[in-house]
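So the protein lines, in turn, are chains R and A. Position one of the first sequence corresponds to residue 1 (full-length UniProt numbering), numbered consecutively onward. Position one of the second sequence corresponds to residue 1 (full-length UniProt numbering), numbered consecutively onward.
There are 2 protein chains.
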Amino acid sequence: MTNDVMSISEMCAAFDVTPRTLRFYESKELLFPIRQGTKRLFTRRDRARLKLILRGKRFGFSLEDIRQLLDLYDRDGSQEVQLIRTYEIARKRLAQMEAQRAELDEAIAELKDQLAWGESAIAGFRKAAE
Amino acid sequence: MTNDVMSISEMCAAFDVTPRTLRFYESKELLFPIRQGTKRLFTRRDRARLKLILRGKRFGFSLEDIRQLLDLYDRDGSQEVQLIRTYEIARKRLAQMEAQRAELDEAIAELKDQLAWGESAIAGFRKAAE
DNA sequence: AGATCAGTTGACGTTAACGTAAATGTAACG
DNA sequence: CGTTACATTTACGTTAACGTCAACTGATCT
């Protein structure tokens with residue numbers, strides 16, 4: 001259950017990803033399952049990393065960004081420095097996301113304008129049709 | 001100035017796009033410049049279409065979506081029906097954009113949470129360092 | 001043994017919107 | 001005639017994150 005290692009299919013079920021995804025993440029050095037012969041065994045550490053990977057994706061980080069962040073945690077050294085660095089990266093990402101939201105809001109407003117124009121134009125057709 | 005046709009470089013300057021982009025749009029049947037020998041001459045109609053293309057892109061429509069919308073206007077037939085159809089498409093797109101905005105807001109909120117956590121963790125380090 | 005299941009490793013395919021390089025053309029200027 | 005500027009076509013390259021085969025391997029069940 002809360003077993004120490006999980007097979008690839010157990011991982012897929014637990015995190016709702018495909019085997020291809022897990023193998024892909026391994027090839028990108030985001031995960032490091034141990035090998036029992038040819039098969040992959042995912043450890044507690046892999047599960048923790050995968051959780052962070054999926055969270056990072058929700059934040060819009062690229063896998064490469066995520067890999068670097070994870071590497072930060074793996075290197076020995078001051079935990080504080082790493083945390084601060086991660087914090088800064090996250091803040092920058094937040095700024096990007098807020099900028100993106102501003103653009104989106106602009107586009108939404110512009111599109112709403114267009115829709116209003118369209119509505120009145122359609123209303124014009126209706127009147128002319130009498 | 002407000003000449004009837006424009007060269008490709010004039011178009012590029014006027015709309016801030018590259019020649020490659022204009023040729024690409026022609027190949028995708030979004031624009032139909034006339035040919036003077038081998039060279040392209042962009043008409044008033046092309047300019048109107050390009051304006052709509054760029055606006056559509058700001059709204060997040062794909063070029064294929066945009067092509068279909070433009071075709072709608074070009075086909076003879078009831079202007080009203082076309083307008084209504086376009087209106088509906090735009091409304092759907094607006095709904096998508098608002099959904100996307102909601103997701104983005106969620107992610108922003110979650111990331112802000114993480115940042116708050118990070119701040120307190122960093123503060124913890126500072127205290128422990130005394 | 002035969003069949004079935006879970007897993008593995010390549011390796012090419014996908015999508016969008018162009019970028020970029022190569023080889024060539026054509027037109028005006030001096 | 002040579003150069004310079006602007007243009008053209010063709011075609012392969014790019015980026016991200018996997019999807020989708022194909023062809024095996026190993027273990028287990030009957």
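Beta carbons: idealized from backbone N, C-alpha and C, even for Gly. This one's a predicted model, so the numbers in the text were calculated from it and none came from an experiment.
Just so you know, the alpha carbons of I66 (chain R) and C12 (chain R) end up roughly 20 angstroms apart.
The C-alpha of S27 (chain A) lies about 14 angstroms from the C-alpha of I53 (chain A). Taking 8 angstroms as the threshold, the shortest C-beta distance from A107 (chain R) to chain A falls below it. Shown here for Y73 (chain A): same chain residues with a beta carbon closer than 7 angstroms to its own, the five before and five after excluded, namely Q82 in chain order.
By the rule that beta-carbons nearer than 8 angstroms mark a contact, R75 (chain R) does not touch chain A. Taking 8 angstroms as the cut-off, the beta carbon of D16 (chain A) is found no closer than this to the beta carbon of L31 (chain A).
In its chain, beyond the 5 residues on either side, R93 have a beta carbon closer than 7 angstroms to the beta carbon of F61 (chain R). Chain A has a Cβ within less than 8 angstroms of the Cβ of I84 (chain R). Contact annotation: R101 (chain A) and I108 (chain R) have beta-carbon atoms nearer than 8 angstroms. Counting only runs that start and end inside the region 21 to 71 of chain A, the alpha helix (DSSP H) elements of at least 4 residues fall at 44 to 58.
Around the beta-carbon of A48 (chain A), fewer than 16 other beta-carbon atoms lie within 10 Å, marking it exposed.
Beta-bridge partners assigned by DSSP to M6 (chain A): A:F42. Closer than 8 angstroms to the CB of M6 (chain R) there is not a single CB belonging to chain A. It is roughly 11 angstroms from the alpha-carbon of E106 (chain A) to the alpha-carbon of A99 (chain A).
Membership of V81 (chain R) in the alpha helix (DSSP H) is indicated by the continuous run Q79 to A128. Rounded to the nearest angstrom, the gap between the Cα atoms of I122 (chain R) and D71 (chain A) is 19 angstroms. Taking F125 (chain A) as the centre and dropping the five residues before and after it, the same chain places no C-beta closer than 7 angstroms to its C-beta.
M97 (chain R) and Y25 (chain R) have their C-alpha atoms some 25 angstroms from each other.
For K112 (chain A), the nearest CB of chain R lies under 8 angstroms from its own CB, placing it at the interface with that chain.
In this model, R75 (chain R) and E110 (chain A) are separated by some 26 angstroms (Cα to Cα). For D74 (chain A), the secondary structure class from DSSP, reduced to helix, strand or coil, is helix.
The C-beta separation of A90 (chain A) from L104 (chain R) comes to about 15 angstroms, leaving the pair out of contact by the 8 angstroms criterion.
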